[in-house]
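J.: One structure coming up, written as structure tokens, with questions to follow.
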Amino acid sequence: MRISDLSRKSGVPVATIKFYLREKLLPPGTLTGRNQAIYGDVHLRRLLLIRSFTNIAQLDLSSVGELLSAIADDGLPLPGLYEAADRAVFGVDPSATGSAEVNHAKIEVNEFLDKLGWRISADTPAAGRLAQVLVALRALGCECGIEFFEPCAQAAERFAAQELDLVPEDLDRTERAPAVVRSVMLGVATAALHRMAREHLVNERFANGAVTHGSEVPQPAPVG
Numbered sequence: 103m104r105i106s107d108l109s110r111k112s113g114v115p116v117a118t119i120k121f122y123l124r125e126k127l128l129p130p131g132t133l134t135g136r137n138q139a140i141y142g143d144v145h146l147r148r149l150l151l152i153r154s155f156t157n158i159a160q161l162d163l164s165s166v167g168e169l170l171s172a173i174a175d176d177g178l179p180l181p182g183l184y185e186a187a188d189r190a191v192f193g194v195d196p197s198a199t200g201s202a203e204v205n206h207a208k209i210e211v212n213e214f215l216d217k218l219g220w221r222i223s224a225d226t227p228a229a230g231r232l233a234q235v236l237v238a239l240r241a242l243g244c245e246c247g248i249e250f251f252e253p254c255a256q257a258a259e260r261f262a263a264q265e266l267d268l269v270p271e272d273l274d275r276t277e278r279a280p281a282v283v284r285s286v287m288l289g290v291a292t293a294a295l296h297r298m299a300r301e302h303l304v305n306e307r308f309a310n311g312a313v314t315h316g317s318e319v320p321q322p323a324p325v326g
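Okay, so the sequence shown: first residue is 103 according to our numbering, each after it adds one.
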């Protein structure tokens, strides 16, 4: 297909596709002339992958490039592939990693992980982000101890097991991209579900007579 057809099928503007080609986020097409090339389904899938990472997961193009490189690296085992996905999402702010508060919170997080019995690498970015969350909550007067997260951790472990049940034991090249996509997209989905669950409970506990999904907006009673 021509680049105009690729744009139409993917919904990505031609100018953006050309930018992705220049940045090597998209492989070059097959040249058919001096300034013409044709593209195939591999380009369409790559465009949909890039747009999912940028539009839904809100990742920057640098992180997307790292993810695409990890997917293409057949020598990278599954744990490394997931680590690349986690670093793209949870890259820790370097300005806060050396503070005394964050270092203390990291000790709390590591003790928490040991209590859960989780096998986690010492430098996993998600643990660093959780430590930063604890520090920020305390600084803003929203105190909650690490034990507050235990029910969340237990639910997260069950959900992660469900996710990994979809990954074949003999992971081949065709399964690498779906594994990363699920990792990133399910993180977005769980955050969305948490927000909807909170909204539901806020409406039940605090907003008397609040409108629920699918119900009609109550109209004011007529005057007189």
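Yeah, the Cβ is synthetic: ideal placement off N, Cα and C, and Gly gets one too.
1. Could you check the C-alpha separation between residue 236 and residue 307 for me, to the nearest Å?
2. Have a look at residue 174 and residue 272 and give me their C-alpha separation to the nearest angstrom.
3. Do residue 285 and residue 207 have their C-beta atoms within less than 7 Å of each other?
4. Which residue from 224, 216 and 149 puts its Cα closest to that of residue 252?
5. Tell me whether the beta-carbon of residue 210 lies closer than 7 Å to the beta-carbon of residue 248.
6. Give every residue of the same chain whose Cβ lies closer than 7 Å to the Cβ of residue 106, excluding the five residues on either side of it in the sequence, and list them in chain order.
7. Run the CB neighbour count on residue 291, radius 10 Å, all protein chains shown included, and call it buried at 16 or more, exposed below.
8. Can you name, in chain order, every residue of its own chain whose Cβ lies under 6 Å from the Cβ of residue 189, other than the five neighbours on each side?
9. Hey, how far is the Cα of residue 129 from the Cα of residue 184?
10. Given a threshold of 16 other Cβ atoms within 10 Å of its Cβ, counted over all protein chains shown, does residue 222 qualify as buried or as exposed?
11. Just to confirm my understanding: we take residue 289, look at its own chain, exclude 5 residues before and 5 after, and list those with CB closer than 7 Å. What are they?
12. With residue 158 and residue 127 assumed to form a contact (beta carbons below 8 Å), what rounded beta-carbon distance in angstroms separates them?
T.: Taking the geometry as given:
1. Using only the alpha carbons, I get a separation of about 26 Å.
2. When rounded, the distance between both Cα atoms is 17 Å.
3. In this structure, residue 207 does not lie closer than 7 Å to residue 285 by Cβ.
4. Nearest C-alpha to residue 252 among 224, 216 and 149: 216.
5. yes
6. These residues qualify, in order along the chain: 116.
7. exposed
8. Annotation for residue 189: 227 place their beta carbon closer than 6 Å to its own, counting only its chain and skipping 5 residues before and after.
9. 23 Å
10. If you draw a 10 Å sphere on the C-beta of residue 222, you find fewer than 16 other C-beta atoms in it, and that means exposed.
11. 191
12. The Cβ separation is near 16 Å, so there is no contact.
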